[in-house]
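Residue numbers (the UniProt record's numbering): 1 to 302.
Don't be surprised by glycine CBs; every beta carbon is placed ideally from N, CA and C.
Computed from a predicted structure; not experimentally measured.
Read through the structure below, which is laid out as structure tokens, and then see the notes.
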């Protein structure tokens, strides 16, 4: 079974071959990316889902070309310990395999469990592989170097061609994405108005009615006395706190304690934060790998 995935945000590299700060994310090449806003897409633009597959000691995620880009992006996420040469060989194998399946230039990058680019200096000239078909020689070209955009075939710029070769990959048009974005914006606006009515209009209405109705004024006054009495009992210790209040106080105390020590030692705090991010990235990568294994190799028990 092949896994398809539509990301909430669609991302592409603003500098396709930049390596500075490059990290894997739920979206491809997230640290050097420029977000494609639905408003920048034309109605006829196409956005394809990514394709995920398990390979045992690593898994791959293939991102078809975004509008106006000449290449796809392929990520290898290494989940078991292997040396640079094995990873580089896997990248070359995957590049050829995906190029045969989808004849569009592809940029291949491998990532570690932590989400960093897998270092290949001991095995290859660079950490990134560019693969494309040479129409003049009818062969696959694999280059471990930066390739100028103009040197890549322009097949990915042909929407009709992309629709045909990616017919088995779920896709959305720019028109559909814009409609979904507008629906989301409308939902947010409705939510904002509900909050506004509840937080502003309702209290204002109650205040107006208070002036118009002596009875309502007495009710409001009685409620105020009740709240004051309850608060007085709490402050004097005659009214026990609820379990939820005790938990919140304990959490607030703990947060103030942590904040105090973070302020005292910001360097250690930064190291702790980085370590937490690394652990979260490792767990997320392992979780993705396990999910793909379950999809492609379902249990036959029972």
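For residue 99, does the three-state DSSP call read helix, strand or coil? Here residue 99 refers to the residue found at position 99 when the chain shown is read from its first residue. Here residue 99 sits in helix by DSSP.
Buried or exposed: where does residue 109 fall if 16 or more other Cβ atoms within 10 Å of its Cβ makes it buried? Here residue 109 refers to the residue found at position 109 of the chain shown. Buried is the call here.
How many Å lie between residue 303 and residue 267 at the Cα? Any property of residue 303 remains undetermined from this structure, which presents the chain solely from 1 to 302.
Mind checking who residue 128 pairs with in its DSSP beta bridge? Numbered from 1 along the chain shown, position 128 holds the residue referred to as residue 128. Note: residue 128 sits in a beta bridge opposite 109.
Give me, in chain order, the residues of the same chain whose beta-carbon lies closer than 8 Å to that of residue 125; leave out the 5 immediate sequence neighbours on both sides. Position 125 of the chain shown, counted from the start, is the residue given in the question as residue 125. Closer than 8 Å at Cβ, skipping near neighbours: 144, 145.
So is residue 248 buried or exposed if we call it buried at 16+ other beta carbons inside 10 Å? In the chain shown, counting from the first residue as 1, residue 248 sits at position 248. Its Cβ having fewer than 16 others within 10 Å, residue 248 is exposed.
What does the alpha-carbon distance come out to for the pair residue 378 and residue 56? Since the first residue shown for the chain is 1 and the last is 302, residue 378 is missing from the structure and cannot be characterised.
Do residue 159 and residue 43 come within 7 Å of each other at the CB atom, strictly closer than that value? Numbered from 1 along the chain shown, position 43 holds the residue referred to as residue 43. Numbered from 1 along the chain shown, position 159 holds the residue referred to as residue 159. Contact: no.
Straight-line CA distance for residue 67 to residue 287? Working through the chain shown from its first residue, we reach residue 67 at position 67. Working through the chain shown from its first residue, we reach residue 287 at position 287. Cα-Cα distance, rounded: 30 Å.
Give me whichever residues DSSP pairs with residue 121 in a beta bridge. By one-based count along the chain shown, residue 121 stands at place 121. None; residue 121 has no bridge partner.
Ignore the nearest five residues each way along the sequence and tell me which others in residue 172's own chain have a CB closer than 6 Å to its CB. Counting from 1 along the chain shown, the entry for residue 172 is found at position 172. Only 47 meet the Cβ criterion.
So for residue 116, helix, strand or coil by DSSP? Working through the chain shown from its first residue, we reach residue 116 at position 116. Three-state result, residue 116: strand.
Could you compute how far the alpha carbon of residue 229 sits from the alpha carbon of residue 197? On the chain shown, position 229 is the one that residue 229 refers to. On the chain shown, position 197 is the one that residue 197 refers to. Approximately 29 Å between the Cα atoms of the pair.
Using a Cβ distance threshold of 8 Å, determine whether the region 183–203 contacts the region 68–84, with at least three qualifying pairs required. no
Whole angstroms are fine: how far does the CA of residue 291 sit from the CA of residue 60? Walking along the chain shown from the start, residue 60 turns up at place 60. Walking along the chain shown from the start, residue 291 turns up at place 291. Going from the Cα of residue 60 to the Cα of residue 291 covers about 13 Å.
Hey, quick one: how far does the beta strand (DSSP E) through residue 53 stretch, first residue to last? On the chain shown, residue 53 is found 53 positions in, with the first residue counted as 1. 50–54 is the span of the beta strand (DSSP E), which, as asked, contains residue 53.
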